[in-house]
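Residue numbers (the working numbering), protein chains in the order written: chain A, -11 to 248; chain B, -11 to 248; chain C, -11 to 248; chain D, -11 to 248.
4 protein chains.
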Amino acid sequence: GGAQLLIAGPCMIESEQHAMTMAKHISQRVKQYADNFLWVFKASFDKANRSSGDTPRGPGMDEGLRILERIKNEFNVPVLTDIHESYQAKPVAEVVDILQIPAFLCRQTDLLLAAAATGRVVNVKKGQFVAPHDMGRPIEKIREAGNPAAMITERGTSFGYNNLVVDYAGLYVMRQHGAPIIFDTTHCVQLPGGMGKVSGGRREVAPYMAKAAAAFGVDGFFMEVHDNPDQALSDGPNQLNLPLFEELLPRLVAVREAVS
Amino acid sequence: GGAQLLIAGPCMIESEQHAMTMAKHISQRVKQYADNFLWVFKASFDKANRSSGDTPRGPGMDEGLRILERIKNEFNVPVLTDIHESYQAKPVAEVVDILQIPAFLCRQTDLLLAAAATGRVVNVKKGQFVAPHDMGRPIEKIREAGNPAAMITERGTSFGYNNLVVDYAGLYVMRQHGAPIIFDTTHCVQLPGGMGKVSGGRREVAPYMAKAAAAFGVDGFFMEVHDNPDQALSDGPNQLNLPLFEELLPRLVAVREAVS
Amino acid sequence: GGAQLLIAGPCMIESEQHAMTMAKHISQRVKQYADNFLWVFKASFDKANRSSGDTPRGPGMDEGLRILERIKNEFNVPVLTDIHESYQAKPVAEVVDILQIPAFLCRQTDLLLAAAATGRVVNVKKGQFVAPHDMGRPIEKIREAGNPAAMITERGTSFGYNNLVVDYAGLYVMRQHGAPIIFDTTHCVQLPGGMGKVSGGRREVAPYMAKAAAAFGVDGFFMEVHDNPDQALSDGPNQLNLPLFEELLPRLVAVREAVS
Amino acid sequence: GGAQLLIAGPCMIESEQHAMTMAKHISQRVKQYADNFLWVFKASFDKANRSSGDTPRGPGMDEGLRILERIKNEFNVPVLTDIHESYQAKPVAEVVDILQIPAFLCRQTDLLLAAAATGRVVNVKKGQFVAPHDMGRPIEKIREAGNPAAMITERGTSFGYNNLVVDYAGLYVMRQHGAPIIFDTTHCVQLPGGMGKVSGGRREVAPYMAKAAAAFGVDGFFMEVHDNPDQALSDGPNQLNLPLFEELLPRLVAVREAVS
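Laid out in structure tokens, this is it:
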């Protein structure tokens, strides 16, 4: 019962105009599921770990926060973004409701502590190199810093080279940490480094992965959505387009009911 | 729509009495789902690749076939068993409806051809070391031998040592082979070699894995069921007990409807 | 000190003429290393688990044994070949000195027992899905059958899809089993299924892998050698050509001395 | 020919006294290998990504740099340390000769650029989740920032949970990037998270791994050394003790000669 977290938005703040447009698209589509999903708008101001130095990174922190604040106010929606170095935690927390720790950085103690100190909810993505039972450690670091509001997001585990696998059984293991488990629908179908200078992905598989996670029983969903993913400035191959997003929501609701 | 395959039975034919008892238990529980599941009784006459030479293997082929035939007749149920060397295909096919190729043996050409030659349905378990896109090869070997009735069963993929992971995205990839995809609910939570002389397992996770597979959309389920798995002569840690089995069936039906 | 085992020959008996030619080539090149290597000629009479059913398998058991016997006599060299079903153990053991168990089959109890019963040396390839500490189990099966002469050959471990990795640290772990550890120089650089209907490979890396194994300290080497690997009927991409083979032998000797 | 890089020192600056003692111990042992190894002293001022928040992190940047500078001057040795956020690059580069990028952070563009901008040598540890062919990307980021002096250090790849494997074949692949390849002798035998709150390790295997890397042909070695590793404040299970370190050096020299 109750509404689940639905973290949705474009991978990157590509422009103020585009971010606003995406917020509008998503807002229109989630409205009718208000009993099922609590929507949180997501977008990154800086893609700080792109495979290559040649690819776009985003508008930067100051401009990004201005745009996120505008969306927060105009759409009356909580917002989430990711931080990369500890100095960013404080200014970002003045705007966003959920601070996200990228998967590669999930063991960086200073970053976790800086995020924890803001008092905001902290969403830690599970490192591609971290065992499910070990995800208790970053959560403890946050709690021991006095912040009880930590979440874990599953986004796939290293499986050979240029491939990820989702260990659904690991979702069960992670429940023991007592933190909400969010399922990242779109990064889990990424093919890291699989296209040379950028990562590949399998957008068409993402909805299946989300439905499976709903059947497994997770506490919320994360998904990147773009109105024209083939032209997206980052993560194009795995972002959902709007028709896939729209079709997915009622399926997730139905599957959740089927296992309740 | 339509009934899905439900391959269910104890891992090993522990005795004639026990196999009959298990068939009765399962029969009683699947009866009410006749519109949803076509039950096939499963049990092995020989555990031919046990981790250790010290552990029980089963009654052998002749005695095992006699028991399977009795169950087939008394319960009016199709039966499935696995074969290990090519000479077994012909005598086994005189009794069983589906010949199963064990995962370790899924690339043994002679075994596949001998199974194909019987004209029976051949269920090939996906090797723990085989990529989803490569599972077309054993299916082709069977088809080129004139037998169109090949199925693929997912039972998990090697992930480091003493662990398996199910690549649900691989279920999508395997659809391209044009063969039914069966989900092995109980071997996929095995921990191979994880208990020294025998393999460990995580029975409590198995129902979640099956529900996730139902949401993903598979063509049938395989599951080992035991009335007292802690005393089972093989695969105890991952076989479903009867309450778990009973609770799982309506959930699988509901999830399937949710994604249809 | 002492000579190490050097198992070398073509992957497949392509023809009587070719097998004889390869034996001659290898014989000429190993002669000067008689103090360092005890050469065993290796060739398969049946590639019983080829990826695809369309590719050549070899001359079969009877014809293959005739050719192996001729090589054994004419070159005064022990011979090794692999078996695939238990009925082959007895006739094969009448000719060959070392029976080899393929990696996929390393847990097939009947095959191990049939090989053990011949009294010949049994070389068990480590399954791509088996942990180093678990390789004690097949060795025990052979010993408990009364045959003390079991060896383990490392040939790489599943690492994601279509790739293998050699866990050199696992060589250390496997020493505890008290059996000689042989390093398979050429299968460890295989890319299983990586070329569609056949497996790919990286021949140019194989000598480096062998030198690393020599430095680690193994008890012998296995390597497939072909006078024209690009035209080989199987495993072309990873077999050594004759120049690579010839250059490798003195390096292995030198490295072994460096760590003694 | 020529001297190879030998990066050696304790994992953490445990105290000024201990760091000085270790520098003295190592200095005495490397002296006689001046033709073979160019020693660089290594120690971390901050273990910034420890598994648990409860474990010691080190003296911090200011105090750490003071101690490294003292060692640099008193022992006339180049020094290396690792940085974790971009603001550290400039002050650290005023003291150290080689800036090291931790493996988890090898894709953090700002950190790589800040390190590159100092003009110092930048040693990038290969992420546990990065394919060998993809390690060209961080090296390019550094070079495109105008710094040609980038190195790659292999320290193992994620292999299942709580385990690493070294893909020696990947060393061959990484040569194409045109940067020196350093082999991390002691982290590659780490068992990440394997002891609950801290990582485990297999110190006794480390020398074998280094000798194998020498035979493979690398450009230098990295190894953590401690006079009492069982009492070390971090990475105790995998640091070399002084006898292992002392025995290893002549072996590495001999193996290198054997393959030259």
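C-beta: ideal position from N, C-alpha, C; glycine also.
In this structure, the beta-carbon distance from N226(B) to T145(B) does not fall below 9 Å.
Look at D215(C) here: in three-state DSSP terms it is coil, with no helix or strand label. Straight-line measurement puts the Cα of D207(B) at about 41 Å from the Cα of H6(A).
Within chain C, the residues A203, V243, A246 and V247 have their CB atoms less than 7 Å from the CB of V243(D), given in chain order. In the three-state DSSP reduction, Q116(D) falls in the coil class, being neither helix nor strand.
Apart from the 5 residues on each side of it in sequence, L99(A) sits with its Cβ closer than 8 Å to the Cβ of I71, H72, E73, S74, A77, I89 and L93 in its chain, given in chain order. If you ignore the 5 residues before and after N135(A), its C-beta comes within less than 7 Å of the C-beta of A104, G107 and V110, all in its own chain and listed in chain order. Per DSSP, the unbroken beta strand (DSSP E) holding Q88(C) starts and ends at I86 to I89.
Contact check for F209(D) and F171(D): beta-carbon distance about 5 Å, within the 8 Å limit, so the pair qualifies.
Against chain B, the beta carbon of F147(D) has neighbours under 7 Å at G148, listed in chain order. Residue pairing by DSSP places A(-4)(D) opposite F29(D) and M211(D) in a beta bridge. Boundaries cannot be given for I1(B), as no alpha helix (DSSP H) includes it and DSSP labels it neither H nor E. N61(D) and F29(D) have their C-alpha atoms spaced approximately 12 Å apart. The beta-bridge partner set that DSSP reports for T106(C) is empty.
Here D50(A) carries a helix assignment [DSSP, helix/strand/coil]. At a Cβ-Cβ threshold of 9 Å, N151(D) and G181(B) do not count as neighbours. In the displayed model, D42(A) falls within coil according to three-state DSSP, outside both helix and strand. The Cβ of E212(B) sits no closer than 9 Å to any Cβ of chain A.
Across the structure, A242(C) and A194(D) are spaced so that their CA atoms are roughly 21 Å apart.
Judged by DSSP in its simplified three-state form, Q16(C) adopts helix.
Taken in chain order, the members of the segment 121 to 132 of chain C whose beta-carbon sits within less than 7 Å of a beta-carbon on chain B are D122, R125, E128, K129 and E132.
Note on geometry: alpha-carbon atoms of S222(B) and M10(B) lie some 15 Å from one another.
Considering only beta carbons, the part of the segment 64 to 87 of chain D lying closer than 8 Å to chain A consists of H72, E73, S74 and Y75, in chain order. Taking a beta-carbon distance threshold of 9 Å, S222(D) does not count as an interface residue toward chain A.
In the structure shown, A137(D) falls within a coil segment according to DSSP collapsed to helix, strand and coil.
Pairing E212(C) with G52(C) gives a Cβ-Cβ distance that is not under 9 Å. Following the DSSP letters along the chain, one finds L68(A) inside the beta strand (DSSP E) bounded by residues V67 to D70. Contact of M197(D) with chain C by beta-carbon distance below 7 Å involves Y156 and A157.
With contacts defined as CB atoms closer than 9 Å, I130(A) and K114(A) fail to qualify as a contacting pair. In this structure S248(A) is exposed. Its beta-carbon is surrounded by fewer than 16 other beta-carbon atoms within 10 angstroms.
For V193(C), the neighbours in chain D by C-beta distance under 8 Å run, in chain order, A157 and Y160. Under the DSSP assignment, F171(A) falls in the beta strand (DSSP E) whose first and last residues are I169 to D172. Around the beta carbon of G158(C), a 10 Å sphere encloses 16 or more other beta carbons of the protein chains shown; the residue is thus reported as buried. Between the alpha carbons of T43(B) and P120(C) lies a gap of roughly 21 Å. Looking at R244(B), M197(B), P168(B) and F25(B), the one whose alpha-carbon comes closest to that of Y160(A) is M197(B).
Within 8 Å of the CB of T97(D), the CB atoms of chain A belong to A36, N37, R38, G41 and R45, in sequence order along the chain.
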